[in-house]
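In what follows, a structure is listed as structure tokens, so that the remarks can point back to it.
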Amino acid sequence: MSGSVDLQEARNIVIIGGGIIGCTTAYYLTRHPYFSSQTSITVIEASEYGPAQGASGKAGGLVARWAYPKELVDVSFDEHVKLAAEHNGGDRWGWRYVDCGRWEGRGQNLLNRKDSGSGVGEGGKKKSLEKTLGLDEKKKSRKKTGLPDDLMWVEEELTDSYTPMAGDKETAQVHPYLFTTSMWDLASAKGAVLLKGKVTSIQKTDGRVTGVDYVEGGTHEAMRLSATHVVLAAGAWSSSLLPSLPITGTRAHSVTIRPKPTVDISPYVLFTEISLPLSASQRRTVDPEIYARPDGEVYACGPGDDSPLPATVDGVIVDESACNSVYMHASSISQALRQGTVEKRQACFLPSVSVGGGPIIGDARHIAKGLVIATGHTCWGISNAPGTARVLCEIIMDGTARSVNLRKMQPSIFV
Ligand SMILES: Cc1cc2nc3c(=O)[nH]c(=O)nc-3n(C[C@H](O)[C@H](O)[C@H](O)COP(=O)(O)OP(=O)(O)OC[C@H]3O[C@@H](n4cnc5c(N)ncnc54)[C@H](O)[C@@H]3O)c2cc1C
Numbered sequence: 001m002s003g004s005v006d007l008q009e010a011r012n013i014v015i016i017g018g019g020i021i022g023c024t025t026a027y028y029l030t031r032h033p034y035f036s037s038q039t040s041i042t043v044i045e046a047s048e049y050g051p052a053q054g055a056s057g058k059a060g061g062l063v064a065r066w067a068y069p070k071e072l073v074d075v076s077f078d079e080h081v082k083l084a085a086e087h088n089g090g091d092r093w094g095w096r097y098v099d100c101g102r103w104e105g106r107g108q109n110l111l112n113r114k115d116s117g118s119g120v121g122e123g124g125k126k127k128s129l130e131k132t133l134g135l136d137e138k139k140k141s142r143k144k145t146g147l148p149d150d151l152m153w154v155e156e157e158l159t160d161s162y163t164p165m166a167g168d169k170e171t172a173q174v175h176p177y178l179f180t181t182s183m184w185d186l187a188s189a190k191g192a193v194l195l196k197g198k199v200t201s202i203q204k205t206d207g208r209v210t211g212v213d214y215v216e217g218g219t220h221e222a223m224r225l226s227a228t229h230v231v232l233a234a235g236a237w238s239s240s241l242l243p244s245l246p247i248t249g250t251r252a253h254s255v256t257i258r259p260k261p262t263v264d265i266s267p268y269v270l271f272t273e274i275s276l277p278l279s280a281s282q283r284r285t286v287d288p289e290i291y292a293r294p295d296g297e298v299y300a301c302g303p304g305d306d307s308p309l310p311a312t313v314d315g316v317i318v319d320e321s322a323c324n325s326v327y328m329h330a331s332s333i334s335q336a337l338r339q340g341t342v343e344k345r346q347a348c349f350l351p352s353v354s355v356g357g358g359p360i361i362g363d364a365r366h367i368a369k370g371l372v373i374a375t376g377h378t379c380w381g382i383s384n385a386p387g388t389a390r391v392l393c394e395i396i397m398d399g400t401a402r403s404v405n406l407r408k409m410q411p412s413i414f415v
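Numbering-wise (the UniProt record's numbering), the sequence shown opens with residue 1 and increments by one.
Quick look at the structure:
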């Protein structure tokens, strides 16, 4: 696809996966100057409930200039700002700037339970979500406890230290489910089509993609859909369609909490390190991420684990006790959360790159002409979706990646 491209050619684009990467790509394609009645865009999603049922609907939603990789972040953050301005993202998907900090202190032992759990799902081994790897250490400044005056939903007497993690307007947030479904709604309003079904293979002839085979949701009938371009954006499931892709899934549990309506939940995202008493002599350190959201909801997620990936997103097992632990850990530092109600208990799979690095983004013509890959966004897929989508759109519509230097993300490095 690089170099020469026939601008008038009919493009029959099939996107595998209705997560944030697939839906945002569909959106950018419908906004491209060459998008016309000659362009067809189909998103195939395996969940019977439609888009955003995986990590893209269950993530925290942090959008950061200090995320990684930098080449992608630099484009993605500004694209998020533009999208929010153009489509009233504040109201539509909870876009806003937030303060973000590292909170360290002691938690209260809730309900006098001896073991508050680790937040890891049953049978799984703990894995880090690695979100703070992108931080510039120089930006940290340690005051006395440093707890901001308006962060009143966390208890001051339990706080040892609060350290701001980034400067002004360097961190923002979206509600990831609302962002993803809004991208989809906007793409669909311009003619993109959603097909519920599970892709079973990518078809190619003479070194070029020709379409995909899939099992239709509901009827379970085997079907074939032709394509000039196939975008593989199946998150943690991507390697089930291309086994040489080094993608694995890391499961993580999360909860959403509705605090008492009288409590003002100021806009902070906290990366915590909480020392919890288990007995007179024993303590456990837990580190939930806690996100205030504009509608007053609070989201908290625990660590990852190595539970095996189910056949589809609808088969993800939610371990209730892991969710209860995440809630107990988060609410151990906040009376507002202790008095609140847990609304959602959920789990999802983050797409990780098993050989390190990533995401994997770009033209995969070395496998088949017309194949484009976008997966392995690890803990930054919400933040990096717009840059990813924009550059995929350039590859498909213009024949070359222009806005992001994909050198380190090229599929040919990984596959
Ligand atoms: C607990 C947690 C918190 C996170 N917090 C943040 C955050 O604050 N900020 C941030 O930037 N990122 C965050 N992330 C990471 C982010 O959620 C992911 O990187 C991102 O959602 C990946 O998007 P995706 O579209 O690649 O994958 P997914 O959301 O998994 O979507 C892939 C879709 O493909 C579909 N699919 C799979 N196989 C097939 C098939 N064969 N046929 C058809 N459809 C198929 C799936 O059903 C799924 O809907 C977090 C992740 C976790 C787990």
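Cβ coordinates follow ideal geometry from the N, Cα and C atoms, glycine included.
None of the values given here were measured: they were computed from a predicted structure.
- Shown here for L194: same chain residues with a beta carbon closer than 6 Å to its own, the five before and five after excluded, namely V43 in chain order.
- According to the DSSP secondary-structure assignment, C348 is paired through a beta bridge with A252.
- Annotation for P267 indicates a beta carbon at 7 Å or more from all heavy atoms of ligand 1.
- If you draw a straight line from the Cα of D150 to the Cα of P277, it is about 27 Å long.
- Residue pairing by DSSP puts K204 in a beta bridge opposite V209.
- Distance from the CA of V212 to the CA of T378, rounded to the nearest whole angstrom, comes to 26 Å.
- Classified as buried, S239 has 16 or more neighbouring CB atoms from the shown chains inside 10 Å of its CB.
- Rounded to the nearest whole angstrom, the CA to CA distance from I41 to S331 is 44 Å.
- A distance criterion of 7 Å places the beta-carbon of I15 beyond contact range of ligand 1, judged by its closest non-hydrogen atom.
- Shortest gap from the CB of Q108 to any heavy atom of ligand 1: 7 Å or more.
- In terms of side-chain proximity, the C-beta atom of S188 is found no nearer than 7 Å to any non-hydrogen atom of ligand 1.
- Boundaries for E157: no beta strand (DSSP E) harbours it, and the DSSP string shows neither H nor E there.
- Burial is judged here by how many other beta carbons sit within 10 angstroms of a residue's own beta carbon; N384 has at least 16 and is buried.
- T205 sits away from Y214, with the two beta carbons spaced by 8 Å or more.
- Setting aside the 5 residues that flank it on each side, Y97 is surrounded in the same chain by K169, A172, each with a C-beta closer than 6 Å to its C-beta; the list follows chain order.
- Around the C-beta of N12, 16 or more other C-beta atoms lie within 10 Å, and the residue is accordingly described as buried.
- T181 and G54 have their C-alpha atoms spaced approximately 12 Å apart.
- Exposure of I317 is indicated by the presence of fewer than 16 other C-beta atoms within 10 angstroms of its C-beta.
- DSSP places C100 inside the beta strand (DSSP E), whose first and last residues are 99-106.
- Residue ranges of uninterrupted alpha helix (DSSP H) with 4 or more members, entirely inside the segment 314-385 and ordered along the chain, are 320-331, 335-338.
- C-alpha of L392 to C-alpha of S244: approximately 21 Å in a straight line.
- Residue pairing by DSSP puts L194 in a beta bridge opposite V43.
- Look at E79 here: in three-state DSSP terms it is helix.
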